[in-house]
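J.: First the structure, which I've put down as structure tokens, then a few questions once you've had a look.
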Amino acid sequence: MGEQLVIELLGGTRVLGTKVEREVDFDEQIKRGFRPQVFAKFKANTKLPNAVLSRVLGVSTRTIDRLVTSRSTSRIKPAVSDRLYRAAKVVALAEAVLEDREQALEWLSSKQAGLGNRVPFDLVETEAGTREVEEELQRIEHGFVA
């Protein structure tokens with residue numbers, strides 16, 4: 002999966018404020034922290050409920066509300082930016098595998114037998130859980146569905 006879909010989910014080059022060509026190009030962005038507008042674009046592009054975003058990003062729903070409406074030039078904390086990037090990568094992978102954003106979001110929001118009947122978005126809260134979701138999507142892509 003290319004980074005193009007991740008870039009699109011996060012608002013594109015204009016919102017990110019820099020050209021991103023490879024995954025490593027996100028490193029400095031994440032360390033500095035994304036601008037709130039990046040989060041707002043991700044939310045608009047995925048239409049995920051605040052409760053899901055709150056769990057995935059590890060912040061309160063009030064913080065989610067503030068990020069959506071913020072016009073501030075301040076930055077999101079690097080840890081939250083990292084979780085946002087991880088979520089965008091998983092959504093992009095699911096969309097690439099399932100070939101449809103709505104189907105991808107539905108899959109990520111529903112219990113999956115191959116993940117022990119857990120909801121993928123609940124697993125994306127940690128790096129280990131994210132890896133498991135990515136591996137399950139790769140199994141689906143290659144026809145090894147549990």
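According to the working numbering, the sequence shown is numbered sequentially starting from 2.
Glycine included, each C-beta is placed from N, C-alpha and C at the ideal position.
Values in this document were obtained by computation on a predicted structure and should not be read as measured data.
If we count the other Cβ atoms within 10 Å of its Cβ and call it buried at 16 or more, is V91 buried or exposed?
T.: The residue is buried, with at least 16 neighbouring Cβ atoms inside 10 Å.
J.: Provide the residue(s) that pair with R76 in DSSP beta bridges, ordered along the chain.
T.: None, per the DSSP bridge assignment.
J.: Tell me which residues share the same chain as D66 and place their Cβ nearer than 8 Å to its Cβ, disregarding the 5 neighbours each side in the sequence.
T.: Correct list, in chain order: N51.
J.: Please work out which residues of its chain come closer than 7 Å, Cβ to Cβ, to Y148, disregarding the five sequence neighbours upstream and downstream, and give them in chain order.
T.: Nothing about residue 148 can be reported from this structure: the residues present for the chain run from 2 to 147 only.
J.: Pair every Cβ in the segment 68-82 with every Cβ in the segment 109-127, then say whether three or more of these pairs are closer than 8 Å.
T.: They do not touch, by the three-pair rule.
J.: Please list the terminal residues of the continuous alpha helix (DSSP H) segment that includes S110.
T.: Element bounds for S110: R102 to S110.
J.: Are L138 and A89 touching if we call contact CB-CB under 8 Å?
T.: Their beta carbons are not under 8 Å apart, which means L138 does not touch A89 by this criterion.
J.: Below 7 Å CB to CB, which residues in the same chain sit around A95 once its five sequence neighbours on both sides are set aside?
T.: Hits under 7 Å: A105, W108, L109 and L138.
J.: F1 to K112, Cα distance in whole Å?
T.: It is not possible to answer for residue 1, since the shown part of the chain is limited to 2 through 147.
J.: Would you decide whether E103 is buried or exposed? Buried here means 16 or more other CB atoms lie within 10 Å of its CB.
T.: Exposed, by the Cβ-count rule.
J.: For L124 and E136, which I take to be in contact (beta-carbon distance under 8 Å), what is that distance rounded to the nearest angstrom?
T.: Their Cβ separation, rounded to whole angstroms, is 11 Å, which puts L124 and E136 out of contact at 8 Å.
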